[in-house]
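So the sequence shown is numbered by the numbering used here: it starts at 14 and just counts up by one. Below: the structure, in structure tokens.
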Amino acid sequence: MASNKNLSAANKAKKDEFYTQLTDIENELRHYRTFFAGKTVFCNCDDPFESNFVKYFAMNFAALGLKKLTATCYATSPVMYTQLSFFGDELDFAASEGRKPYKIEITEVVDQNGDGAIDLEDFEAMLRANPPELLKGDGDFRSKECVELLKEADVVVTNPPFSLFREYVAQLIEYDKKFIIIGNKNAITYKEIFPMIQANKMWIGYTPMSIDLLFDVPREYADEMIKSGKMGSKYKIIDGVLKGRSQSIWFTNVDHSKRHENLILYKNYTPEEYPKYDNYDAIEVSKTADIPSDYDGAMGVPITFMDKYNPDQFEIIKFRKGDDDKDLCIKGKCPYFRIIIRKKA
């Protein structure tokens with residue numbers, strides 16, 4: 014019988030397998046198109062037969078002016094060669110090799126069928142002619158092989174494992190890599206992540222935090238979601254197919270135009286509408302849209318403020334805690350999970 018530890022690890026791995034939809038990738042990455050010219054892109058959590066990240070970059074290889082696309086996958090992906098493959102039939106390589114880690118490196122995508130466009134058929138023909146290379150290790154992003162590939166890359170674009178997000182970002186920072194990745198919205202509050210946001214070493218992507226990102230998930234996990242009965246909060250049914258939900262947003266350290274748009278402020282400060290915290294000299298602003306235009310002191314704003322954060326207009330002072338290192342309070346009540354900011358002069 015499997016131990017509780019093993020069962021827990023298997024369950025965590027399964028719930029890490031959220032596969033990003035192509036439309037969401039297209040909607041975000043179109044805001045960085047000029048950035049990719051001459052770059053080596055690394056998708057280090059992506060099976061090339063199934064990943065929509067690999068599909069996007071392969072189909073747009075020439076249009077983006079990429080130098081190289083590299084993708085690696087982990088050995089135990091629970092959906093490898095199953096329902097998420099975007100080929101009608103499994104390729105011979107996938108069918109013969111089974112669940113093993115491998116990499117693919119693309120330096121050119123040619124219009125092999127001569128229809129005047131780079132499409133999925135061209136990509137499939139390329140994979141058949143140049144099958145991926147098996148890795149010696151397990152394909153984990155922390156493995157020696159994958160770290161060496163990371164060193165060669167200019168930018169990393171993927172949806173990393175949710176449970177390893179802190180470690181994943183730490184590795185990107187260690188190797189000074191540009192990145193455009195997906196993570197849980199709550200990662201903003203992580204003690205390892207918030208200081209980097211505060212220091213403008215990473216920020217929110219172009220897609221609004223309010224946009225509902227939906228994901229393909231392993232069949233077994235989909236069955237669990239249905240049994241839980243949490244329609245709406247955990248999943249949605251789109252055209253008869255279950256799509257998993259999570260509070261996911263884009264994180265990046267690649268600049269984009271939205272990050273420099275000034276937030277229009279229209280309200281005026283009054284002590285009645287904007288009470289001060291008991292344990293920090295700042296006022297409470299319950300909605301980002303209500304930031305007063307005529308107040309220059311410190312303000313506590315909700316996490317959703319990060320979606321509107323312009324580092325030219327505001328500075329981030331601290332997160333959540335007052336001078337006593339306790340949660341921000343007003344009249345003894347402490348429900349205030351806030352980011353403390355101040356307008357720049």
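Heads up, the beta-carbon is just placed ideally off N, CA and C, and yes, glycines get one too. In this text, all values refer to a predicted model and were calculated from it rather than measured experimentally.
Handout entry: Close beta carbons around Ala-71, own chain, < 7 Å, minus the five adjacent residues each side
Key = Leu-82, Ile-119, Val-122, Phe-136
Practice task
Indicate whether the contact test is met: 3 or more Cβ pairs, each with one atom in the stretch 28 to 48 and one in the stretch 60 to 76, closer than 8 Å.
Solution key: Segments in contact, yes.
Exercise for the section: Measure the beta-carbon distance from Gly-313 to Leu-278 and round it to whole angstroms, keeping in mind my assumption that it falls under 8 Å. Expected result: No, Gly-313 and Leu-278 are not in contact; Cβ-Cβ is about 16 Å, not under 8 Å.
Problem - Helix, strand or coil at Arg-355 according to DSSP, with G and I counted as helix - result: strand
Problem - Cα-Cα separation between Leu-77 and Asp-59, rounded to whole angstroms - result: About 20 Å.
Practice task
Return the residue from the list Asn-73, His-44, Pro-114, Lys-80 that minimises the CA-CA distance to Pro-61.
Solution key: Pro-114
Practice task
Spell out the partners DSSP gives Cys-56 in its beta bridges.
Solution key: Answer is Ala-84.
Practice task
Drop a sphere of 10 angstroms on the beta-carbon of Asn-143, count the other beta-carbons inside from all chains shown, and report buried for 16 or more, exposed for fewer.
Solution key: exposed
Practice task
Decide yes or no for the touch test of the stretch 190 to 203 against the stretch 256 to 268: beta carbon pairs closer than 8 Å, at least 3 of them.
Solution key: yes
Practice task
Consult DSSP for Ser-270 and reduce its assignment to one of helix, strand or coil.
Solution key: helix
Problem - Reduced DSSP secondary structure (H/G/I, E/B, other) of Tyr-181 - result: helix
Practice task
Would you decide whether Arg-258 is buried or exposed? Buried here means 16 or more other CB atoms lie within 10 Å of its CB.
Solution key: Classification for Arg-258: buried.
Practice task
Give the secondary structure of Ile-38 by DSSP, where H, G and I count as helix, E and B as strand, and everything else as coil.
Solution key: Residue state, collapsed to three classes: helix.
Handout entry: Rounded separation between Tyr-87 and Thr-171 - CA only
Key = 13 Å
Practice task
Indicate the three-state DSSP secondary structure (helix, strand or coil) for Asn-197 in the structure shown.
Solution key: The three-state secondary structure of Asn-197, taken from DSSP, is strand.
Problem - DSSP three-state assignment for Asp-325, whether helix, strand or coil - result: coil
Handout entry: For Val-169, the nearest candidate out of Gln-184, Ala-212, Glu-158 (CA to CA)
Key = Gln-184
Practice task
Under 6 Å Cβ to Cβ from Pro-348, same chain only, skipping five residues before and after it: list those, please.
Solution key: Around Pro-348: no qualifying Cβ.
Handout entry: Which residues DSSP lists as bridging Lys-256, in chain order
Key = Lys-249
Handout entry: Status (buried if at least 16 other CB within 10 Å, exposed otherwise) for Asp-325
Key = exposed
Problem - First through last residue of the alpha helix (DSSP H) which encompasses Val-168 - result: That residue, Val-168, is in no alpha helix (DSSP H); its beta strand (DSSP E) goes 168 to 171.
Handout entry: 7 Å CB neighbourhood of Thr-301 in its chain, flanking five on each side removed
Key = Within the same chain, Thr-301 has close Cβ partners Val-314, Pro-315, Thr-317, Phe-318, Lys-321.
Exercise for the section: Keeping to the same chain, check which residues put their C-beta closer than 6 Å to that of Ile-296; ignore five residues upstream and five downstream. Expected result: Tyr-287, Lys-289, Met-312
Practice task
Have a look at Lys-280 and Glu-274 and give me their C-alpha separation to the nearest angstrom.
Solution key: 18 Å
Exercise for the section: Measure how close the beta-carbons of Phe-332 and Ile-353 come, nearest whole angstrom, since I'm counting them as under 8 Å. Expected result: 7 Å
Practice task
Just list the alpha helix (DSSP H) runs in the stretch 280 to 344, keeping only unbroken ones of 4 residues or longer that don't cross its boundaries, in chain order.
Solution key: None, since the stretch 280 to 344 contains no complete alpha helix (DSSP H) of that length.
Handout entry: Pro-348, DSSP secondary structure in three states
Key = Reduced to three states, the DSSP call for Pro-348 is strand.
Problem - Residue span of the alpha helix (DSSP H) that contains Lys-157, given as start and end - result: 157 to 165
Problem - Lys-191 - partner residues in DSSP beta bridges - result: According to DSSP, Lys-191 bridges with Val-168.
Handout entry: Cα-Cα separation, Tyr-308 to Lys-214
Key = Their backbone Cα atoms lie some 27 Å apart in a straight line.
Practice task
Could you name the residues of the same chain whose beta carbon sits closer than 6 Å to that of Leu-226, not counting the 5 residues immediately before and after it, in chain order?
Solution key: Asp-37, Ser-261
Problem - Rounded straight-line distance, which links the Cα of Ile-210 to that of Leu-79 - result: 28 Å
Handout entry: Spatially closest choice to Met-165 from Glu-41, Thr-53, Asp-291, by CA coordinates
Key = The sequence as given places Glu at residue 165; Met does not occur at that position. Per the Cα distances, Thr-53.
Exercise for the section: Just the C-alpha distance for Ala-367 and Lys-116, rounded to the nearest angstrom, thanks. Expected result: The structure shown does not extend to residue 367, since the chain is modelled only from 14 to 358, so the question has no answer here.
Problem - Supposed close pair Ala-200, Phe-178 - CB separation, criterion 8 Å - result: 6 Å
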